[in-house]
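Some notes on the structure that comes next.
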């Protein structure tokens, strides 16, 4: 009986956000304008239910001494030997994440009722927020990597659309697209990992793992396969968690409304990368190279972000780089095998950063308050950095930090631009060829000619 | 690329001439830049201050062209005003008649130009152009009449089509024919001018916007340069100015790998080697960009306006470094321009050099003729009920289309705006006159008097006070109460000016603890708490400390997180209680008196306090201007105001405009200390107006966000006044609840059913809520200014819309009091009103848009999102309920006197003559009103003679959300006098 | 019986409607007639599918009719003529006939019949006349090769010989690299309704299943798979860097088509089911997506992706439909596309490990194209020239498309069972004559008897049996 109850509760964690999304989306498409209050009530009720379900389950599991609840829902679809199994896993890893996810999305829902009151995109915000909540719950509770991918995609899409929330300005849209591009490029890693796992161990399930604190992915037998899958997963995690050198989108993601920035880039979305790596613990165990890679990337990111963050003069970028620093540290912890520490770090960091991001618009108020308390202008904290770095090096280092380590330019001008140029060259050849077929009497609309004419 | 300019050959004097020219050009551009101070010292001012020399209608259009903004509200906004009868037929008729158009029929059987305009102004038609228009015609518009066309007009069009075509015609045939008659007469589209900057040329030829490269770098540089303490590591070498710092950083090799920046280090090193100063750098860059000498002015103007937020901030801090929150680096607009143009030259050079594979130029796709106007004429013809028959003659059709085209969007909106203002004006003036005609009993002998700031947000509190206690007299004076001081509170880090912007204070007033020892230990505790808070907030953003903090104590943040989000008021109270417990707040006094002849100045050049002579002058001026001097009540409370809120970078914009964006409490306190000063009283007793022995002044501070009222120096109140004080405090307690209640009706998130106590809790909650972008409505309701006796407005519900300035014309026959009063009140009121006007009509162009994506940068301003130009003006959340009318200023004075005063005071005359405010003279003798129309006073013609009468204000506003008209409130009129 | 009649009606109704439409006075009237006709055809198609026993081809008449309905009803009236509506209906009618035909010669005839009206329409307007030349330059050989192959089959030549010209003909029409160049330019320039009617049903897939499934030599299969994978990635990459929304759409369609062709060569049930689903999803979703693009184009003129130009505020439904349908076609979680992609990738990686992974790259790039298009076309600027949001007619059609994709995406096992022909095979266990139990629609190969020996036990195996016997 208890078993059934706990299984229902687990399903509710996923179902409730889904219901919220479906209700709002349906009403929108049918052009039935829900009142702000109604929208908030829907989201509030659904995420409260989800939160209660997780917390209740946690209480029961503590009480009964159970460390893992597995809810097989059955195959979503199955063809021949390939099935997409729907299973949810509630264990010591997913529990804090699921609780954090449901509670924070619910809190942000309550917060945004006031924050986004009378904003044109009010319903769109809640629509995307509940879809994001659904994505997060799916990722963290997923019993297989296939299902992780399902949620992972939703998180990426909602993230990009919320960055572009203020849709009438060009910059948010550009940055939303940039984030989406990064996500997609890195999602290839996840999808490839899923396929490779199916290919090698014919299962991408999250299974109990001997000697580990929680269930994990089944590691392929061969070290090479494990390394490949591990590297792919790390690649996927790097994008979502804004690790060096792909993290340039993170400060730019602060274009969205503050509450969504807080919940995405302070708390949930940014920590999904580490979550994935924690789930992949068996693979990291089998592929020490990958573990080393995780440590290296994390350390590089933390160093880079802490330097860059120190010169940021706007509150949101400063907080974005602070987040990046901590996530880099969390990567290091995971790579070194301190998994419970990483988990605690994630939860603590999520709480602190969310609060700080929500307080970001009050920085002037807080700053004045602090000044009054301290009784002077706030001391500049950078003094010891200036003492430590040799004077001659300072301009170099400062410029490096101000330009964010030049990563954006290196990626955009060094990699993306040549590829785009090449492809456009190919396309031009295509056009010429068709223009030839179409006959010389008609002027082909060659895209390059315009500029040359203008010269 | 360019031939060497001739001046190179002319030697030194030519260079000097160039420099002069350049300085002129920069100074010309400088005055067009936003004049907003660092955001902590936000003061309202006319957004188009630079255009005040022009008449309003001309200025807004000129500015719109120059800045790419909107001169008036958008057409769809006027459409909404029409729909909800905010603009009525009679308003339209009146403004069209006043504008004087021909009344001869335009086409046979058709309307006259005047009728056509009136008709057009009844319908806000959407402009549809290009393919959208083609689509619309093909799918919808040629098949059926426009929905706004009424039945008689439809019948007339069909009938006309029948006459023109013969036989039976259906709507589609008639409309198709009608459109076909009009289509050949499409007017030519106005030529769109390409910009003058090199960047515009490159954009047109290569499709690359170099601003997208240059500006983000400028944002970073300026942010780092101006930062007042947000970043951890300050920009090296910034003490030498922006240009030097830029050269020091970017002149080093191995710089950013962006292709367009490759030549930068070399260029900067060369400039450094040649020892070029900022002006020479600008000139060299202009040469490199190929800008001819003759176009320097326009190019510099356009270049600076393209990044006007940061440029304006640099210019502001150059002029007023004292207004920086901490310490301004040496700002020079010329430095800024030098950096900007250096970068632009690099970018343009790069674009011109590289093969433009990656960009197609925007193709000029605009058709030569304006078919959208034809469509508009087509709709107007339907609305006017003219069909193909009337337009049979191509000459007529042509005339018709061109007449429609002539009444373009700006002309329409100008008239709509006048109609919109007229509607408001008529209601207010009629209300005032009707209220006055019914009579307002005077207060025989007020038991207490309350002096407030003229701020329109105090109107409701004053009204409620008078309703609760009809024997109390309220008075409106500028909220710095005549005390032009720099003030340093007990916990303030440095003195701030608390007086109107136009005045630079010379006197410093310091708040001191009464008891040194206790205060010192409290300060030490406070400092400890502050240091811990500061360390944790800085630490959490760093590497090691942040890691340790978040991994160990991070979860503890969940408590304030949940509290702040779900229970903001409770959380704030708890935090406050904890702090109070830990620190306490010691009693204080102001150090205000300076001995006669003590001329010692501190490091800011300030004198310490005021001499008795100076104090006497201040007190006398206030008592005379407000005319309460002769009849002071036993207890006079003087209440300054301010506003406190969280989640609000624009917090200062909610404070008192008359104190230059500060809080007026200290001014009230200082004024009362002066008025209670025996020396001052003695001096006044000699020269008048004397303060009776039994009169006591008590200062208070009103928080317009939370509706809290705090009292200062209560312990000094003489025993004889204690009972009266208790009574007055009770009255205030009731009135502020009612005030909160009245304010809540404007907040959609507050249910209309709130009672007074829950209303107070609601406004308190708003102010401390991290998620609340609208802590209060600010000045959003301002529209009116009444300068005159309170007896004219007492008991009149003015919906928190009126600045109320106390002034008694009876003792001022030749305007000796009124002149200075107008000069002081005019700029403050007009500044507030016009800033709201512009931020409302173009929230993105003049205002700073929605505050939701705002990102505080360097503690000096806000950007949109991750990086953008500094946003100036007011956020949309602050202005959204505003009605954009020019301040309707009603002065209780004879028109002739006003004309004489205007002739004496050019500052006020400029604003009045150019119609930046609407001026109305309310004759004390005839009790008639006349409206200034730009050249003379024209008698006001009344529309309505009655006024709604209610028992209390609550009866009038209960259940209403929107702006309310005037009403006569009986409760405030029971003064006991006949 | 009903099944057969309804399927025939689904093919005939468009032809009749075309005849009526040519007599309409205006483009608006022609569209109204066409919409009603296609709605009727769709009902017939659904009826036919519902009364059949399932199987991969059971829903094809409804599938084609749904695409036809989208193409006809969402065409803008702008510079359209009744003739154009009629030609679109003709193409749909021919396609509808094609998917219920299995005789090679009949197939070849309707194959050519679906090309002709398209070419005529291109010829009809001066601005597309050059395109007609390029179109003819590619599709004439395609038609000739297909006819040749069909004749060879009909004359009883060995399948191994006949498939070569057939495969070549199909590859051209399906725009496989290197025979693809006509395609993006055709999508860019031809009227969108015609593009959708001609392209979205992907008749090549049908012909592939009918003719090639059994007869391809393994080497050729590898070649087709490799070409498919190359096309997927190349087209997706080219689509992602386009400046014109129309041309980007062309590459997107090309990439999606190749995805299906690639999946068909994977010798696993899940790969083939994925390809089958992808076929249906891409057909429906890209038809809706393309017509949404056309609806925007009619309101705004040529669509450039260079500068953000949008007004999401004024046309939210149009924008949402664009994003939803676009992402559904590339595997948005929650739509049938996600299922199709999952099956396709997992099913092909077994046989083509590297090529299978390239599919992931292709769909990833395609989703970038779509989101980029969404951002460029609907957001990023306050500009608004008076465009109107979806009309009731457009909204109804798009609701139908989106609704079916979402419903099937959330409950995919239903459609999968249906397509596997489970019901048919359950019935056939008791049937004496297996051949007759497969409806007239269901004959698979010219030599359908080839599989007579295969015992049908469960859905999965039945599916495998539909395509290829060699695997076992």
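Protein chains in written order, with the numbering used here: chain L, 1 to 455; chain U, 1001 to 1978; chain E, 2001 to 2472.
Beta carbons: idealized from backbone N, C-alpha and C, even for Gly.
Cα-Cα separation, residue i to residue j
i              : j              : result
residue 1655/U : residue 1453/U : 11 Å
residue 1883/U : residue 1055/U : 21 Å
residue 2332/E : residue 136/L  : 16 Å
residue 1590/U : residue 1571/U : 32 Å
residue 480/L  : residue 336/L  : Examination of residue 480/L is not possible in this model, given that chain L is present from 1 through 455 alone.
residue 943/U  : residue 1692/U : Because chain U in this structure spans residues 1001 to 1978, residue 943/U falls outside the shown range and cannot be described.
Neighbourhood of residue i by C-beta distance below 8 Å, restricted to the same chain and skipping five residues each side
i              : result
residue 1624/U : 1689 and 1817
residue 453/L  : Because residue 453/L carries a pLDDT of 29, less than 50, the predicted location of this residue cannot be relied on, and the following value inherits that uncertainty. Cβ neighbours of residue 453/L beyond the five flanking positions: none.
Rounded Cβ spacing between residue i and residue j (contact assumed at less than 8 Å)
i              : j              : result
residue 1967/U : residue 1797/U : 4 Å
residue 2128/E : residue 2122/E : 5 Å
residue 172/L  : residue 166/L  : 5 Å
residue 1413/U : residue 1918/U : So it is not a contact: roughly 18 Å between Cβ atoms.
Residue closest to residue i, alpha-carbon to alpha-carbon, out of the options
i              : options                           : result
residue 312/L  : 1040/U, 1234/U, 1251/U and 1319/U : 1234/U
residue 296/L  : 231/L, 316/L and 30/L             : 231/L
residue 1931/U : 1262/U, 1915/U, 1217/U and 1129/U : 1915/U
residue 1812/U : 1892/U, 1339/U, 1070/U and 1800/U : 1892/U
residue 1123/U : 1036/U, 1248/U and 1381/U         : 1381/U
residue 2070/E : 2286/E, 2385/E and 2338/E         : 2286/E
residue 1250/U : 52/L, 397/L, 192/L and 191/L      : 397/L
residue 107/L  : 85/L, 141/L and 50/L              : 50/L
Sequence-distant residues of the same chain with beta carbon closer than 6 Å to residue i, five excluded per side
i              : result
residue 1979/U : Past the edges of chain U, shown from 1001 to 1978, lies residue 1979/U, and the structure says nothing about it.
residue 2472/E : In this prediction, residue 2472/E has a pLDDT of 31, which is less than 50 and means its spatial position is unreliable; what the coordinates show is noted afterwards. Cβ neighbours of residue 2472/E beyond the five flanking positions: none.
residue 1438/U : none
residue 1805/U : 1454, 1476, 1787 and 1825
Other residues of its chain near residue i: CB distance less than 7 Å, five sequence neighbours each side excluded
i              : result
residue 1260/U : 1213, 1346, 1347 and 1350
residue 2356/E : 2345, 2348 and 2349
residue 339/L  : 213, 278 and 281
residue 131/L  : 21, 154 and 158
| message | Could you tell me which whole alpha helix (DSSP H) segments of length 4 or greater appear in the region 1298-1372 of chain U? | response | Runs of the alpha helix (DSSP H) inside the region 1298-1372 of chain U: 1308-1319 and 1333-1353.
| task | May I have a chain-ordered list of the beta strand (DSSP E) segments no shorter than 3 residues that lie completely inside the region 1492-1571 of chain U? | result | Runs found: 1496-1498 and 1507-1513.
| Can you give, in chain order, each stretch of the alpha helix (DSSP H) that sits fully within the region 1685-1716 of chain U and has at least 4 residues? | Taking only runs of at least 4 residues, no alpha helix (DSSP H) segment lies wholly in the region 1685-1716 of chain U.
| message | Report the start-end ranges of each beta strand (DSSP E) in the region 100-126 of chain L that is 3 residues or longer and not cut off at the edges. | response | Segments of the beta strand (DSSP E) lying fully in the region 100-126 of chain L: there are none.
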